[in-house]
Amino acid sequence: MNVELAISAATNGRSWLCLIAVLLFSGVNSAQESESAAKPALTEAQATTFARLALKGIAQEYPNKPSNVMDTADDVRSPQSMHPAFYGSFDWHSSVHGHWMLARLLKMHPDALIATEIRAALNSQLTAENLTQEAAYFAADHNKSFERMYGWAWLMQLVAELHDWDDSDARRWREHVRPLEEQITKRMNDYLPKLTFPIRTGVHADTGFAIGMLVDYARATSNTELEQLLVGKSKAFYRSDIDYPAHYEPSGHDFFSSGFNEADLMRRVLSKEEYVTWLDRFLPQLRTKTMGEMMRPVEVSDVTDGHLVHLAGLNLSRAWTMTGIARALPESDPRRQSLFSSAKQHADAGLKYVSSGHYEGEHWLATFAVYHLSQ
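Here is the structure:
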């Protein structure tokens, strides 16, 4: 029964309970429709398009931006000799998350026509020999800060993707990546207790993004010791935050909203009741609808500029963080609707840049699209 029929029934003298029930049911449906619109299903056609970008990227060694420290002349090496698994896609972290994306797409669409190509690529890259060498790279003391913590977070996302996958190849890849996982876990356990303050930025080093992903990894792999460290740091860094300056965002080459990353992290570590109260203090502008540019999609002025194209990723990361924040709120909370609506606008704006024909964006944006569409 729709709302109009219910009103007619009530007007004709039938029970008002019918009207109330239908209106309540309509509200639930409306909330579900808003969430579905914010994050539409990842289709096989999209999966194929995104996978082709990653398959090309992870096998492409140049151009390349190594972020390594050279301790001696022996450290002057090609990307593939330093990183036999993750040498492509312009930089180490993009290669890692390209592999994660391929694994997720294969898991979601195992019968897609492109699945055979994905499986072959992962079998070629994620070998025991390659990943043992990757682990050895991180073991060197002068590399202790390499890809900290953005690349670490994506590597652990890959581990989490493989961890519970009932697939013979995936189980083998999971074991192959274990030495690298252990090395990065060791680095995290050493680094996080020393990190006195959070890093708030719209690019790689943002602490809120990395810790959020790492919390997901720790829970997926039942690493309770790491989870406790991450949750403790999250609360120490962010629990007392109030009045986030939303009007300061975005910066010119952001691909993250540091504010939304923080809010998306805290939904993971606070109870639902605590989170509602915390969000009221942290982003009171959500209730007063004075978020300004933070809730408006951004345009990219030049997709051939590797820094300016970051804004395409900002649209996508805002979409997934707003969706996560909205889901954590009670269904009756009016902020849900505005967050879901803005998330859809941001996703639509970001997706149009994924396949631009320019490597500056194509080596990484598909991962952001898949991460949003598959959460």
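Every number in our numbering is 674 more than the matching position in the sequence shown, counting from 1.
Where a beta carbon is used, it is the ideal one built from N, C-alpha and C, also for glycine.
Here H1020 has P971, N989, R992 and A993 as same chain residues with Cβ atoms under 6 Å from its own Cβ, once five neighbours each way along the sequence are excluded. By the Cβ neighbour-count rule, N797 is exposed, with fewer than 16 other Cβ atoms within 10 Å of its own. Around L1003, the same chain offers V950, R1009 and R1010 as residues with beta carbons nearer than 7 Å, after the five sequence neighbours per side are excluded. Straight-line spacing of the CA atoms in A777 and M862 works out to 24 Å.
Looking only at G1035, A747, F764 and M887, the smallest Cα-Cα distance to Q754 is reached by F764. Nearest to G882 by C-alpha distance, out of Y824, A892, D979 and V851, is Y824. The stretch 816-832 and the stretch 765-772 touch, with no fewer than 3 CB-CB distances between them shorter than 8 Å. For R726, the enclosing alpha helix (DSSP H) begins and ends at E718 to I732. In the DSSP assignment, M756 falls within the alpha helix (DSSP H) that extends over P753 to M756. By alpha-carbon distance to G980, the top candidate from N738, A725 and E808 is N738. T1041 sits in a helix when the DSSP states are folded into three classes.
When DSSP states are grouped into helix, strand and coil, M965 belongs to the coil group. A distance below 8 Å separates the beta carbons of Y891 and V833. DSSP, read as helix, strand or coil, puts P737 in coil. For L866, there is no enclosing alpha helix (DSSP H), as DSSP gives it neither H nor E. Under a 10 Å Cβ-count criterion, G926 is classified as exposed, with fewer than 16 other Cβ atoms of the shown protein chains found around its own Cβ.
Close CB contacts of D915 within its chain, under the 6 Å cut and outside five residues either way in sequence, are with F956 (chain order). Per the coordinates, the alpha-carbon of E791 lies some 12 Å from the alpha-carbon of L779. Ranked by Cα distance from E821, the options F760, L985, L903 and L944 are led by F760. Just so you know, the alpha carbons of K946 and H783 end up roughly 33 Å apart. Here DSSP, grouped into helix, strand and coil, assigns S763 to coil. The C-beta distance from A809 to L866 rounds to 20 Å, too long to meet the 8 Å contact threshold.
Take H921, set aside five residues on each side of it, and the residues of its chain with a beta-carbon closer than 6 Å to its own are G966, in chain order.
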